[in-house]
Amino acid sequence: MAFCDFKLHKPESVTEACRLGREFGRTCAYMSGGTELLVDLRSGRKKVAHVIALGGLKELREIRRDGDTLHIGAQATLSEIAEAPLVHEVFPALAEAIVTMAGVQIRNLATMGGNFSCGVPCSDTPPITCAAGGSIVVAGPDGEREVAARDFVLAPRTTVLNPGDIVTAIRIPVQPTTSGASFQRFTMRRGSALAVASVSAWLNVEQGVITAARVVMGAVGPIPLFAENCAASVVGQAPGDSVFADAGALAAAEAQPISDLRGSEQYRRDVVAVLARRALACAAARAEGRTS
Amino acid sequence: MKLTLSLNGHSTELVAAPGARLLDVLRDAGCTSVKRGCETGDCGACCVLLDGEPVNSCVVPAAFAADAIVTTLEGLNDDPLMRRLQDCFLEAGAVQCGYCTPGLLLVAWQRLREGGELTEYDVRHAMSGNLCRCTGYAKPVRAVLDAWEAMP
Ligand SMILES: Cc1cc2nc3c(=O)[nH]c(=O)nc-3n(C[C@H](O)[C@H](O)[C@H](O)COP(=O)(O)OP(=O)(O)OC[C@H]3O[C@@H](n4cnc5c(N)ncnc54)[C@H](O)[C@@H]3O)c2cc1C
Ligand code: FES
Ligand code: FES
């Protein structure tokens, strides 16, 4: 029983994948794990005549260290990333974010390339990657380019990708030992649920003073949202409960949530205030080596 | 489209319509432990082991399983660990309608084989991609812990 009719292509090189994508344009879709695409094809949200499967591009599955960057191939599965010792060494908050996503059967298929490319506001890996100062490597018919993670998603389900562009890797700078990060997420139940809101925080703390901060909110705006006022408010301060509580209130004001079945606008703001406070406190504790 | 794969230990050739999912071809091949539930990847009723890892077969195009090793619950009929797990499910009263059971068993079996410490939280986390409308989860979780405690 066919649930939708498409022709499956299995390119053997990145160049061929890009060429096919440009040739078929809007009538095709790339597929990595398929956990988003197959659901969209079945529901009719997406209709395509061609599916270009990227799973055969084994060279895009590698997780390695490239000098001072952690290189995560776009085809590595979420399970592979969450279990990779290198990820735990360089940026454990990413693994922390990933194990909250879906269930094991989906994490065994789904990729970070797919999580970024679908550009969905509740995607969980873009905010934490933004907080890490990461970037996305894109291969296209005219060559390769690197885009800052914060510039990748333009609007809900819209990214910088043009026809024929594929994500080949996610790159995360090796973090200074004086920094720490945390991913905090609230869902309606513990297991397999989409985020009501999430907050990713990254801090650098030197001699008891916060010298740099990034706070990124997920699922409470059209794209991963930087809480600029929140982050600015903690710089120059010593980590502390009241500093982080005040910062949480600023994040809540900066969120742009919508009301939907997972929560009302006001509820989401209230949740953001708490998550931001927790994420900052946890990131600070990690930066100061008080906790792992 | 013809598809060759190792299904439950046997090299098998299946015919798949273009765009068919692994779920569809496995059920057509008689593996009815693979349940058609939500068909959106959420419930885990269609879970199978693809190259040894649990995946939801409703979000896997059949063509993806070419040359892969696929194991459904049918393929673990004689496996001692699966037998023990099934016995524990029965003894704990962890099966009501049974629709979710094959998926729960596969995920639990895989988790037990990974070894290591196993707390109630670990079991709940491992099974969080499997929905059960009947049992309220307490008994399946108990059954998996019982099976773990009985492991040599
Ligand atoms: C039950 C369930 C639970 C889920 N829970 C979560 C969750 O908790 N958090 C979360 O963030 N997401 C969740 N998702 C959504 C989804 O699993 C993730 O977004 C996943 O990371 C998508 O990756 P994929 O490889 O499966 O993408 P695919 O489905 O293969 O692709 C997704 C989109 O990206 C495009 N694409 C894929 N790869 C590339 C590439 N390399 N270059 C260019 N375009 C590409 C495709 O054309 C498609 O439009 C869930 C999905 C299901 C079914
Ligand atoms: S039928 Fe596949 S996950 Fe529900
Ligand atoms: S026993 Fe009925 S769904 Fe689990």
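Chains A and B, in that order, are what the protein sequence lines are.
Residues in the first sequence are numbered consecutively from 239, following the numbering used here.
Residues in the second sequence are numbered consecutively from 50, following the numbering used here.
Beta carbons: idealized from backbone N, C-alpha and C, even for Gly.
Given the structure is predicted, the values throughout are model-derived calculations rather than measurements.
(Q) Tell me the rounded alpha-carbon separation between A522 of chain A and V328 of chain A. (A) 17 Å
**Q.** Three-state secondary structure assigned by DSSP to P189 of chain B
**A.** helix
Q.
Just checking: is the beta-carbon of D91 of chain B within a distance shorter than 9 Å of some beta-carbon in chain A?
A. yes
Q. From the beta carbon of I410 of chain A, is the nearest beta carbon of chain B less than 9 Å away?
A. no
(Q) Taking 8 Å as the cut-off, is the C-beta of Y170 of chain B nearer than that to any heavy atom in ligand 5? (A) With respect to small molecules bound, the structure shown includes ligand 1, ligand 2 and ligand 3 and not ligand 5.
Q: Starting from the Cα of T363 of chain A, find the closest Cα among A:A511, A:E382, A:M455 and give me that residue.
A: A:M455
Q: Go ahead and label E334 of chain A buried or exposed: buried means 16 or more other beta carbons lie within 10 angstroms of its beta carbon, across all protein chains shown.
A: buried
Q. Given that E88 of chain B touches chain A, what residues does it touch there, using C-beta distances under 7 Å?
A. R280
Q. Quick one: what does DSSP say A240 of chain A is sitting in, helix, strand or coil?
A. Any reading at A240 of chain A must be qualified, since the residue scores a pLDDT of 45, below 50, and its modelled position is unreliable; the value itself is stated next. It is coil, neither helix nor strand.
Q) What is the rounded straight-line gap between the Cα of T185 of chain A and the Cα of P359 of chain A? A) Residue numbering for chain A in the displayed model covers 239 to 530; residue 185 of chain A lies beyond these limits and cannot be assessed.
Q. Relative to the C-alpha of L392 of chain A, which residue among A:C356, A:S420, A:E384, A:T425 is closest?
A. A:C356
Q) Does the beta carbon of I344 of chain A come closer than 9 Å to any beta carbon on chain B? A) yes
**Q.** Strand pairing of W440 of chain A, partner residues [DSSP]
**A.** A:A419, A:R452
Q | Any chain B beta carbon closer than 9 Å to L295 of chain A | A | no
Q: Give me whichever residues DSSP pairs with Y268 of chain A in a beta bridge.
A: A:I290
Q | Nearest to G459 of chain A (by Cα), restricted to the options A:V434, A:I404, A:W440 | A | A:V434
Q: Anything in chain A within Cβ reach of R173 of chain B, meaning under 9 Å, just list it in chain order.
A: R428, G429
Q. If you pair each beta-carbon of the stretch 128-147 of chain B with each one of the stretch 178-193 of chain B, do three or more pairs fall below 8 Å?
A. yes
Q: Evaluate the contact criterion for the stretch 247-267 of chain A versus the stretch 281-298 of chain A: three or more CB pairs, one atom per stretch, below 8 Å.
A: yes
Q: May I ask you to list, following chain order, the residues of the stretch 91-107 of chain B that have a beta carbon less than 8 Å from some beta carbon of chain A?
A: D91, G93, C96, L99, E102, P103, V104, N105, C107
Q: Give, in chain order, every unbroken run of the beta strand (DSSP E) that is at least 3 residues long and sits entirely within the stretch 109-183 of chain B.
A: 118-120
Q | Whether G341 of chain A touches M176 of chain B by CB criterion (9 Å) | A | yes
Q: Flag Q313 of chain A as yes when its Cβ comes closer than 8 Å to any non-hydrogen atom of ligand 3, and as no otherwise.
A: no
Q) Would the beta-carbon of T89 of chain B be found less than 8 Å away from any heavy atom of ligand 2? A) yes
Q: Would you identify the three-state DSSP class for L63 of chain B, choosing helix, strand or coil?
A: strand
**Q.** Contact residues within the stretch 166-195 of chain B, judged by C-beta distance below 9 Å to chain A
**A.** R173, H174, A175, M176, S177, G178, N179, L180
Q.
Under 8 Å, with one C-beta from each stretch per pair, do the stretch 253-267 of chain A and the stretch 368-380 of chain A reach the 3-pair mark?
A. yes
Q) With respect to the beta strand (DSSP E) encompassing V472 of chain A, which residues constitute its N-terminal and C-terminal limits? A) Counting along the chain, V472 of chain A falls outside any beta strand (DSSP E), though it belongs to the alpha helix (DSSP H) covering 466-472.
**Q.** P201 of chain B versus L130 of chain B: straight-line alpha-carbon distance, rounded
**A.** 10 Å
Q.
Check whether the stretch 115-128 of chain B and the stretch 93-104 of chain B touch, using three or more Cβ-Cβ pairs below 8 Å as the test.
A. yes
Q) Taking 8 Å as the cut-off, does the CB of L180 of chain B come closer than this to any heavy atom belonging to ligand 3? A) yes
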